[in-house]
Amino acid sequence: MSKIAVFPGSFDPITKGHENIINRAVPLFDKIIIAIGENQDKRSYFEITDRVKWIETVFANEPKIEVQTYSGLTVEFCKRVQADYILRGLRTSADFEFERSIGQTNKKLLPTIETVFLLTTPEFTPINSSIVRDVHHHGGDVKQFIPDAIHNFF
Ligand code: ADP
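Right under this line is the structure:
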């Protein structure tokens with residue numbers, strides 16, 4: 001049986017923190033589907049087409065990685081793509097509290113699902129998409145926070 005993981009998030013935009021978690025998860029799974037959740041009530045900062053393109057560019061040479069978009073429940077998406085694992089990154093204790101309730105709820109909704117957490121590499125702890133958006137919005141240079149492969153888009 002192949003091990004399929006879904007890495008859900010908004011990736012608005014993908015950061016070096018996400019890239020690091022994904023690269024470290026590659027040896028653990030046969031396939032990782034990076035799933036960009038679309039929320040009708042919450043407008044994203046960057047266009048969905050750009051977010052998909054950037055992730056595809058970063059992982060262009062990694063055949064185990066696929067990018068998809070979805071709306072609705074993450075566990076329903078996992079069922080559709082036959083994923084048994086949800087991958088998430090943990091930066092801080094605040095992340096832990098948040099992830100714990102989502103993970104335990106997902107397990108209630110789909111008892112076969114396992115959420116797998118990887119701890120962030122220390123230098124990426126302060127990086128988060130909302131701060132990157134803020135810096136970008138105010139005209140700051142965000143290159144140091146985003147994967148090298150997509151610097152030319154910023
Ligand atoms: P959300 O849309 O739920 O806020 P994001 O799209 O920002 O989530 O991130 C998706 C996942 O990536 C989450 O598990 C989050 O903890 C993880 N993540 C985000 N930034 C980092 C980072 N700098 N280091 C490690 N994990 C991260």
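Residue 1 is where the sequence shown starts when you use the numbering used here, and the numbers rise one by one after that. The C-beta atom is built at its ideal place from N, Cα and C for all residues, glycine as well. It should be emphasised that the depicted structure is a prediction, and the values quoted were computed from it without experimental measurement.
Here's the rule: buried if 16 or more other CB atoms are within 10 angstroms of the residue's CB, otherwise exposed. What is residue i?
i   : result
F7  : buried
E19 : buried
F96 : exposed
A83 : buried
G9  : buried
F59 : buried
Would you say the beta carbon of residue i comes nearer than 8 Å to a heavy atom of the ligand ADP?
i    : result
F29  : no
I146 : no
T233 : With the chain running from 1 to 154 in the structure shown, residue 233 is simply not present.
F46  : no
K143 : no
G89  : yes
H136 : no
F95  : The displayed chain sequence assigns Asp, not Phe, to residue 95. Flag set: Cβ of D95 near the ligand ADP.
T105 : no
E99  : yes
G37  : yes
One question on the structure: do residue i and residue j come within less than 9 Å of each other, judged by their Cβ atoms?
i    : j    : result
I14  : P147 : yes
E38  : S71  : yes
E66  : I33  : yes
I113 : V75  : yes
K16  : F145 : yes
D30  : I55  : no
R133 : F46  : yes
D50  : F117 : no
F11  : S130 : no
Since I believe residue j is in contact with residue i (beta carbons under 8 Å), could you give me their beta-carbon distance rounded to a whole number of angstroms?
i    : j    : result
L90  : L119 : 5 Å
I150 : T57  : 5 Å
K79  : V26  : Not quite, the Cβ-Cβ distance comes to about 23 Å (not below 8 Å), so this is no contact.
N106 : T115 : 6 Å
I102 : T69  : Rounded, the Cβ-Cβ distance is 19 Å, inconsistent with contact.
Between residue i and chain C, is there a C-beta pair that is closer than 9 Å?
i    : result
V142 : Going by chain labels, chain C is absent from the structure shown, which holds only one protein chain.
* To do: Could I get the ranges of all uninterrupted alpha helix (DSSP H) runs contained in the segment 9-74, with 4 residues as the minimum, in chain order?
  => For the segment 9-74, the full-length alpha helix (DSSP H) segments reaching 4 residues or more read 16-25, 48-58 along the chain.
* **Contained alpha helix (DSSP H) runs [length at least 4] in the segment 74-122, N- to C-terminal order** => 74-80, 93-109
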